[in-house]
Amino acid sequence: MTDRHHLLVHGRTFAAVGDRGDISGYRGGSAPDGMFVRDARHLSRWQLTVDGAVPDTLSPVADGDTARCVLVPRGGRDEPPAYTLFREQAVGDSSFVESLRVTSNRPVPTTVHLAVTADADFTDQFELRSDHRTYTKAGAVRSRRVLGHGVEFAYRRGEWRSVTTVTADPQPDAVEETGTGARRLSWALDLEPHGTAELTLRVMARPHGDRRTLRVPRSPAAVQRQLRSQEDEFVQGVAFPEGWPELAAACTRGLADLAALQVPATGPDGEDLRVPAAGAPWFLTLLGRDALLTSLFALPYRPRLAAATLPALAATQATATQATGTGADGIAQPGKIVHEVRHGELAHFGQVPYGRYYGSVDATPLFLVLLGAYTEHTGDTGPARRLEPHARAAVTWMLDHGGLTSRGYLVYRADQGGLANQNWKDSPGAICSAEGTRPHGPVTAAGAQGYAYDALRRTAGLARTVWQDTTYAHLLEQTAADLRDRFQRDFWMPEHSFPALALDGRGGQVDALASDAGHLLWSGLLDKEYGELVGRRLLETDFFSGWGVRTLAAGQPAYHPLSYHRGSVWPHDNALIALGLARYGLHDEARTIARGLVDAAGATGHRLPEVLAGYGRDTHPEPVPYPHACVRESRSASAPLALLTAVGVV
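Letter 495 of the sequence shown, counting from 1, is numbered 606 in my numbering, and no numbers are missing.
In structure tokens form, the structure reads like this:
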């Protein structure tokens, strides 16, 4: 496909449209094509034709909250277009709306034949990933029903039901079969000389289990007003640095994206919450680690994110054990915080393990870190009191199932059918030696130990000041101190003056030089001398690309600038590093990272993507995109706020 995808996001709903505003039903590739709600594609075709032909693009869709383009019928230099089409689209909550204006360029009456071919295949998002997997869907039935103002598409499989309704104003002259399952809505529009006609098309998605009463917005302009109001409300009140306008712009853009990325969740008492989704297009859902880090970055500026994320994750905290990665509670253990929550058909029927999936070694300590940080920052002890049982259960998980007591560290094992790696670098080959070999047996990832150390210390503070349990506080403080001593003995590589990326199942060092060491600065796990050595090492040229710190230092055989976790540059990773550098007093180094990321954001409308390629700025004066990155990602959206904190310009 040569058509680019343009992403429109509104809460749990997103649409990816092409340069002409069309949806082709394309399967596979780096980005899904269509309109999606709760992991299902509710609009798989949306193609405009004029007088039976695809129009030419005069002005393609540009990035923004709405998709606008200008189209003309095909012709040549000696045959000016008879009319011009102005197309505008937007997504609302479970909805998609398009305004189509046709203007005649002729001095005589003209009839224009317009048609929109629409379809809804209800494909699960996991079916569209380029991982060569197929899924059996026995008994699935699709149906179509013509309505007075459009057409209804329906899908059922057992108890699973989904519906998409397409309506138009004015109503179509005809709704025709196409032979493919799609339906073609057509109009014959009579235009006066230089006259104009307008159509409005509305799509309403009704995902399985959604019984809310919803309305499609009247127009894309109405959606834009609603989004602008949400964005303005999110941005208001944040003190941006006057002396660094580029950082201020990145923070503004990030807050606006966070406003659009809020998705519904439920608290322990059934209360409705809105929490940051991980990112669009692939992860427009609650991911524990992502929501926690996003909330931590935004805490000094938008504590409401933490106030919603904490009870939402407490409500999904595991209470029983499930040893395998299949079923609704993949590798759950009592007290463990969820990694991923999915609402799609394949998760519902247990064909993917992510309905509630617990394959994360670090979401649980990060939950405790956020609970402690929220209490310290706001002075609000309410969440700490309410969630005390959940916090204690999380600590118990770290000590027992997590491995702190038996192995001295938080440890994970590859989950067959789920994730091989369960730290933030969760791609299959991400944890490796400098040569690229993968460790055998249970893995002890360095960064997770830092999170555990911080979690123990912050929870000890809650026990001492909020729960009035000094015995428990002392136990946690001693456990943290022992972990710190043990870590510096087992992980430190004297020949590199740098910590190992991980330990393998036998306790051997996995010796890749990786950015995870910067997370240890953020958590305060390293002694000052070691921390300063690590901080300065991360700014050397093999690590620092000019845009940010690479996930793996260049020059190692395992390094690849276009690998997801073995040489790329992640904004949220760098935000943690910058906060860590500031913690250890390395303020010049923190500012260097902030400048690189802010400059990278400036090249893409002040928006930081999920991940960038690892190519150096000295040879590539513009940041090189990573081909499969989420365009809008909550951790990256909140990263400029972390930089604002790290450089201390407020």
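From the three backbone atoms N, C-alpha and C, an ideal C-beta is built for every residue, glycine too. Predicted model, so just to flag it, every value in this text is computed and none were measured.
8 angstroms Cβ cutoff met for V128 and V165: No.
Member of A625, E288 and D368 whose CA lies at the smallest distance from the CA of G725: Among A625, E288 and D368, the Cα nearest to that of G725 belongs to A625.
Three or more C-beta pairs below 8 angstroms linking the stretch 629-637 and the stretch 668-676: Remark: fewer than three beta-carbon pairs, one from each stretch, lie closer than 8 angstroms, so the stretch 629-637 and the stretch 668-676 are not flagged as touching.
Backbone CA spacing between D729 and S745 [nearest angstrom]: Rounded to the nearest angstrom, the two C-alpha atoms are 29 angstroms apart.
C-beta contact flag for P668 and A557 at 8 angstroms: For the 8 angstroms CB-CB criterion, P668 and A557 do not form a contact.
Cβ-based burial, L119 [other Cβ within 10 Å; buried from 16]: With 16 or more Cβ atoms within 10 Å of its Cβ, L119 is classed as buried.
Candidates Q373, F408, L594 and A409: closest to L395 by CA position: The shortest CA-to-CA distance from L395 to any of Q373, F408, L594 and A409 is the one to Q373.
Alpha-carbon to alpha-carbon, R497 and T576: Between T576 and R497, the C-alpha separation is close to 15 angstroms.
For T405, the three-state DSSP class (helix, strand or coil): T405 falls in the helix class under three-state DSSP.
Within 8 angstroms, strictly: CB atoms of T124 and D204: Contact: yes.
T214 beta carbon less than 8 angstroms from that of A195: The displayed chain sequence assigns Thr, not Ala, to residue 195. If you check the CB distance, T195 and T214 come in under 8 angstroms.
Contact check, W508 vs Q444, beta carbons under 8 angstroms: Less than 8 angstroms divides the Cβ of W508 from the Cβ of Q444.
Run of the alpha helix (DSSP H) containing A299, from where it starts to where it stops: Per DSSP, A299 belongs to no alpha helix (DSSP H); it is in the beta strand (DSSP E), R294 to L302.
Close beta carbons around P192, own chain, < 7 angstroms, minus the five adjacent residues each side: Once the five neighbours on either side are set aside, the close Cβ partners of P192 are V183, P184, G186 and N216.
Sheet register partners of I134 (DSSP bridge): Partner(s): W157.
Rounded separation between L697 and E643 - CA only: Each residue's alpha carbon lies about 7 angstroms from the other.
Where G436 falls, given that 16 or more other Cβ within 10 Å makes a residue buried: Note that G436 scores a pLDDT of 46, beneath 50, so its modelled location is shaky; the value from the coordinates is reported in the next line. Around the CB of G436, 16 or more other CB atoms lie within 10 Å, so the residue is classed as buried.
For P476, the three-state DSSP class (helix, strand or coil): DSSP places P476 in helix when its eight states are reduced to three.
Of the listed residues T652, P553, S538 and L515, nearest to Q589 (C-alpha basis): The residue with the shortest Cα to Cα distance from Q589 is L515.
Nearest neighbour of Q599, chosen from E640, W578, L586 and Q579 [CA to CA]: Between Q599 and the set E640, W578, L586 and Q579, the nearest pair of CA atoms involves E640.
Where the beta strand (DSSP E) containing G707 begins and where it ends: Not the beta strand (DSSP E): G707 falls in the alpha helix (DSSP H), residues H698 to G713.
Segment contact flag, the stretch 351-367 with the stretch 307-314, C-beta cutoff 8 angstroms, min 3 pairs: Judged by pairs of C-beta atoms under 8 angstroms, the stretch 351-367 does not touch the stretch 307-314, as fewer than three such pairs exist.
Distance CB(A757)-CB(A701) smaller than 8 angstroms: Closer than 8 angstroms, so yes.
Residue closest to A316, alpha-carbon to alpha-carbon, out of H585, F345 and D232: Of the listed residues, the one whose Cα sits closest to A316 is D232.
Residue closest to P379, alpha-carbon to alpha-carbon, out of F654, E190 and P500: Comparing alpha carbon positions, the residue from F654, E190 and P500 closest to P379 is P500.
Of the listed residues V480, A332 and A613, nearest to T405 (C-alpha basis): Closest by alpha carbon: V480.
N- and C-terminal bounds of the alpha helix (DSSP H) containing A748: Segment S745 to V758, the alpha helix (DSSP H) holding A748.
Inter-residue Cα distance where the pair is G259 and R115: In this structure, the alpha-carbon of G259 lies about 34 angstroms from that of R115.
Whether I134 touches D150 by CB criterion (8 angstroms): With contacts defined as CB atoms closer than 8 angstroms, I134 and D150 fail to qualify as a contacting pair.
N- and C-terminal bounds of the alpha helix (DSSP H) containing P166: Careful: P166 lies outside any alpha helix (DSSP H) and carries neither H nor E.
Option nearest G381 by Cα separation, candidates D615, A426 and Q337: It is A426 whose Cα lies nearest to the Cα of G381.
Residues bridged to P387 [DSSP beta-bridge criterion]: According to DSSP, P387 bridges with Q373.
Residue range of the beta strand (DSSP E) that includes Y194: First-last of the beta strand (DSSP E) with Y194: Y194 to G203.
Reference R255; option with closest CA among T289, D280 and D601: Answer by Cα proximity: T289.
E209, enclosing alpha helix (DSSP H) - first and last residue: Taken as a continuous stretch (DSSP letters only), E209 belongs to no alpha helix (DSSP H), being part of the beta strand (DSSP E) at S206 to S215.
Exposure label - E270; buried when at least 16 CB within 10 Å: E270 is classed as exposed because its beta carbon has fewer than 16 other beta carbons within 10 Å across all chains shown.
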